[in-house]
Amino acid sequence: MVRLSIYGVMGALLLAFTLAGCGRSTLPHLKPLPAAARALLAQKGMKESAPIFLRIFKEESELELWKAKADGRYYHFKTYPICNWSGKLGPKIKIGDKQSPEGFYRVAKYQMNPNSKFHLSFNLGFPNKFDKSRGRTGQFLMVHGNCKSLGCYAMTDALIEEIYILAREAFVGGQQSFPVHAFPFRMTAKNMKRHRRSRWVGYWRNLKQGYDEFELSRKPPKIDVCERRYLINVQFSRPGVKSKPAAYCPPHRKMKPDIFIPPAGQEVAAGPSYNTPVSGLSRFLTKIKGRPINSSVTVAGP
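In structure tokens:
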């Protein structure tokens, strides 16, 4: 009788633990991709584990997610509204200025944070080599949830979950890191003219070179840093040479443009846009397509 009672107690405890486990929700970073997102991937002929590329546009409050296909080109998957970002148009300069960064960044697996106090997050990697060459300071500049920003790009919890899961699956698929290009606005000729009197226009011309290269090829451009500026899609004359951010640029030549020709019947547009109030301003999307440029630039500002 005693033995049966012990077995009975153990069975009851096991049942209780099982039921308790069934009642728990899956941790956000372990969730599967939402059914609607999986359906959209299938509709667009994209693999869940394919590499990703993100573009951020401050003024429009938009984050674009692009996915690679077998041809090596990136195709637009979805445009997400950014819930909040900090400061004004222009780069982050120093700790405490509450500016969201602008520039070319990369995110590796170790920069993903499933335990963020802002639901989920990933670190943009600010300051990068360019930022450091100009003495810019800051840390923990993220894309995260919770819709609150002190120098970061904040999404709703539901949207950061979807973006985080797509990044997770890209890492599972073998992508070592994904590029994130943060722009002040869509870098069209019209928008550049509208902001021509900004103190940051020289810096934005440098960013526009990277923007235009992707628009032209649908491949994230190769980014180097020298002479305290970004160098976009160049090949150095001597094999194995690496640029030094604050030093003169090594001899180089512009890589031949690999122009993207849209496949017949496939969608290549940037998709839907959003108009989201942020920091008391109305962010409006400009739908004018940018034009590629290859001019040299002088980067203004600190």
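Reminder that position 268 of the sequence shown reads as 284 in my numbering, one-by-one numbering, no gaps. Using N, Cα and C, we set each Cβ at its ideal position, and we do this for glycine too.
In this structure, how does DSSP classify residue i when only helix, strand and coil are distinguished?
i	result
Asn-222	helix
Pro-44	helix
Asn-277	Strictly speaking, residue 277 in this sequence is Ile, with Asn absent from that position. Three-state result, Ile-277: coil.
Tyr-246	strand
Phe-194	strand
Tyr-290	Caution is warranted here: a pLDDT of 37 is assigned to Tyr-290, below 50, making its placement in the model unreliable, and the coordinate value is therefore given only provisionally. Coil.
Arg-210	helix
Tyr-264	coil
Arg-359	Not covered by the structure: residue 359. The range shown for the chain is 17 to 318.
Arg-54	helix
Val-241	strand
Glu-64	coil
Leu-81	strand
Phe-252	strand
Leu-297	Reliability of the predicted coordinates at Leu-297 is poor, the pLDDT of 29 falling under 50, and the value obtained from them is presented with this limitation in mind. Correct three-state label for Leu-297: strand.
Phe-69	strand
Gly-189	coil
Phe-230	helix
Cys-38	Note on Cys-38: pLDDT 44, under 50, position unreliable in the model; the coordinate value appears next. It is helical.
Val-18	In this prediction, Val-18 has a pLDDT of 43, which is less than 50 and means its spatial position is unreliable; nothing more can be read from the coordinates.
Cys-168	coil
Are the Cβ atoms of residue i and residue j separated by less than 9 Å?
i	j	result
His-160	Leu-182	no
Val-196	Leu-70	yes
Lys-78	Pro-97	Reading off the sequence, residue 78 comes out as Glu, not Lys. For Glu-78 and Pro-97, yes; Cβs fall inside 9 Å.
Tyr-169	Ala-198	yes
Ser-102	Gly-167	yes
Gly-141	Tyr-121	yes
Phe-146	Pro-261	yes
Val-241	Asn-139	no
Ala-216	Pro-237	One point to set straight first is that residue 216 is Trp, not Ala, in the sequence displayed. Going by C-beta atoms, Trp-216 is not nearer than 9 Å to Pro-237.
Glu-75	Arg-221	no
Ile-100	Ser-165	The question names Ile, but residue 100 is Asn in the sequence shown. Result yes, Cβ atoms of Asn-100 and Ser-165 sit closer than 9 Å.
Tyr-15	Gly-119	With the chain represented from 17 up to 318, any question about residue 15 goes unanswered, as that position is not in the structure.
Ala-66	Gly-189	yes
Tyr-90	Lys-235	yes
Tyr-264	Glu-243	yes
Arg-269	Ser-253	yes
Ala-205	Ile-68	no
Output the boundary residues of the beta strand (DSSP E) element that contains residue i.
i	result
Glu-76	Per DSSP, Glu-76 belongs to no beta strand (DSSP E) and is neither H nor E.
State the start and end residues of the unbroken alpha helix (DSSP H) segment that holds residue i.
i	result
Lys-235	Lys-235 -> no alpha helix (DSSP H), and no H or E assigned at all.
Asp-87	Element bounds for Asp-87: n/a, residue is neither H nor E.
Between residue i and the ligand SAH, is the CB less than 8 Å from at least one heavy atom?
i	result
Ser-165	Ligands in the displayed structure: none, and consequently the ligand SAH is not present.
Is the shortest distance between the beta-carbon of residue i and the beta-carbons of chain D less than 9 Å?
i	result
Lys-83	Among the chains in the structure shown there is no chain D, since it carries only a single protein chain.
Could you tell me which uninterrupted beta strand (DSSP E) segments, each at least 3 residues in length, are contained entirely in the region 98 to 159, listed from first to last along the chain?
119 to 124, 137 to 139
Report yes or no: do the region 170 to 189 and the region 44 to 62 share at least 3 C-beta pairs separated by less than 8 Å?
yes
Is it true that the region 125 to 132 meets the region 74 to 88, where meeting means three or more beta-carbon pairs spaced less than 8 Å apart?
no
Between the region 268 to 277 and the region 229 to 241, are three or more C-beta pairs nearer than 8 Å?
yes
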